[in-house]
Every structure is written in C-alpha cells, then in structure tokens.
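Here's the structure we're looking at; comments come further down.
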Ligand code: G
Ligand code: G
Ligand code: NA
Ligand code: MN
C-alpha cells in the first residue's frame, strides 16, 4: 500500500529518473544503443527497485502514465544525443503488458516520436514473450501497427517465458534479448552453452538479431561471439547510469564520436 500511495504522487513530485545502460558491439566495443531503465527515489519512501514497484504500477494501471513518461524521456534524450552530433544510438524502452494491451498504444508512440522529433528507426520497444502468447492474432496486429511506425521490436528476457518458434515466425520482431540467466554461467555450464547455441541458430534461421543480457566477463564475450551474437549489455560495460554519466561513457567507448 505504501508503494501504491507513493506511486500515485511520484510523477507530479518529479521523483522518477531514467537511467541508461549501453548496448555494446561485442566485436568493436562500440556503443550501439541504450536501454532506458526507470528509477524511483520517493520523498516518503526512498529508493525503491522497479522489481518492486513496476508490478504494483501494472496492477493499479499507474504503469500507463508512468510508462508514457519513460517513453517520452527516453525518446527526448535519444533525440538530444542525435542532434548533439553523437552517432545514432538506438533507444530501447520496456513496455508493460498493460501498455501493450492499450488499443491506443501505436498512436501514443507516434505522438511521442513526433513531439520529440526522434527518428522512429532509433526507437526499439522491448516486449516479453508472455505479452505475445496470450492472444497471438491480436499480438500480431499490434506488432504490425508498431512496426509501421518505423520502429524496431525486441523480445526481452528471451527463453524464460513460453517460447514458441511458431509464434516467432509470425511476429515482426527484430531482436531477441537472451535472458541473463543463460549468460551468467557461460562458458562453464554445458546446459547454458547448449541453450544459447540453440537460440543463436534459431535466430540466424529466422533472421533475428541477438542481444545478450547480463554480460559480466570477457569469457562470456568470447563465447557469445563464437555464436554470432554481436551485441550485449551488462555490468562488464556499465551499469544503468544517469544521462550525464552515459555521455561520459560514450566518450570513453566511442572515442571517434
Ligand atoms: O534495471 P533493473 O534491475 O532495475 O530493472 C528491473 C526490472 O524492472 C527489469 O525487469 C526491467 O525490465 C524493469 N523495468 C525497468 N524500467 C522499466 C520501465 O520503464 N518499464 C517497465 N515496464 N519495466 C521496467
Ligand atoms: O528485465 P530486464 O532485462 O529489463 O532487466 C534489466 C535488469 O537487468 C536491470 O535491473 C539491470 O540493472 C539488470 N542488469 C543489467 N546488466 C546486468 C548484469 O550484467 N548483471 C546483472 N546481474 N544484472 C544486470
Ligand atoms: Na528490458
Ligand atoms: Mn531483459
């Protein structure tokens, strides 16, 4: 209840902040994009992890205005970086199930792209498998409307939900993000090696691009590269950080600008 009460006031009190975690080219080390991750530091409640408050926001419907705020912030930031002469970065934003089920989702995304003047090709929406399997036909319609805006789509936490290859074939998806639970023990766990290999060969057959989550060691990078997984994010490169720190990181990892 504390969380719900606090969340109701958090937007007007300006208690949210968006942090950014780089998505890195595992071969060149260059930053290719970012994932926007919401942070809440409430006046009354202090710092609360999204693991705790996102489910409450989802249940109460507060995730709609909050998610829209995150999308606007992330798009505005990406547009600012682009206009500042930085190399184009693709901005990933997490969508909740309630946002995905909103019949006006595509219109809202389009309005925010217009408002922030972000090139739609630079926005990537991260969805989870569970959103897609409930009503496959409806999901395909929503995904097609989103794709028609010119954005890209990712499946987040891939492998932890109900993965059906049949669905993947029908969905206009661009990226698969390999869940970090399969990455953490690479390259020492035979099961995880087999699972990530299988995901990689399926992705290649379906022409889906791969992003590995939770990359923490150079040994993981070496193994992922042998799979043809050329993008990753994780603490090896950076934790999610505020915009100013992300800019400093860009100067370090993309020195040519
Ligand atoms: O980065 P972190 O460990 O704090 O994220 C924890 C969880 O919260 C992750 O599952 C992440 O996807 C989710 N999360 C973070 N920001 C957002 C957001 O803006 N919207 C939604 N729906 N989930 C988010
Ligand atoms: O569910 P989603 O993939 O959006 O979750 C993102 C979460 O993963 C964030 O909370 C982020 O802080 C966390 N994260 C990102 N990189 C790493 C990593 O290298 N190791 C671990 N343990 N967590 C990570
Ligand atoms: Na995500
Ligand atoms: Mn994920």
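In the working numbering, the protein residues as written are -16 to 240.
Note that beta-carbon positions come from the ideal geometry of N, C-alpha and C, so glycine has one too.
Query: Rounded separation between residue 99 and residue 55 - CA only; Result: 7 Å
Query: Heavy atoms of ligand 3 versus C-beta positions, residues under 6 Å; Result: 18, 77, 109, 139
Query: Heavy atom of ligand 1 within 6 Å of residue 20 beta-carbon; Result: yes
Query: Sheet register partners of residue 5 (DSSP bridge); Result: 17
Query: Cβ-based burial, residue 37 [other Cβ within 10 Å; buried from 16]; Result: buried
Query: Straight-line Cα distance separating residue 114 from residue 121; Result: 10 Å
Query: Residue 45 beta carbon less than 7 Å from that of residue -10; Result: yes
Query: Own chain partners of residue 93 with C-beta closer than 6 Å, once the 5 adjacent residues on each side are dropped; Result: 132
Query: For residue 76, the first and last residue of its enclosing beta strand (DSSP E); Result: 73 to 77
Query: Entirely enclosed beta strand (DSSP E) segments - the stretch 19 to 65, minimum 3 residues; Result: 29 to 31
Query: Ligand 1 heavy atom lying under 6 Å from the CB of residue 79; Result: yes
Query: Unbroken stretches of the alpha helix (DSSP H), 4 residues or longer, contained in the stretch 143 to 172; Result: 148 to 153, 163 to 166
Query: Residues that residue 109 bridges to, as DSSP identifies them; Result: 77, 137
Query: Within 7 Å, strictly: CB atoms of residue 20 and residue 215; Result: no
Query: Stretch-stretch touch, CB-based, cutoff 8 Å, three pairs: the stretch 195 to 202 with the stretch 222 to 229; Result: no
Query: Any non-hydrogen atom of ligand 4 within 6 Å of residue 199 CB; Result: no
Query: Classification of residue 5 by the beta-carbon crowding that lies within 10 angstroms, buried from 16 upward; Result: buried
Query: Closer than 6 Å: residue 326 CB and nearest ligand 2 heavy atom; Result: The requested residue 326 is not part of the displayed model; the chain covers only -16 to 240.
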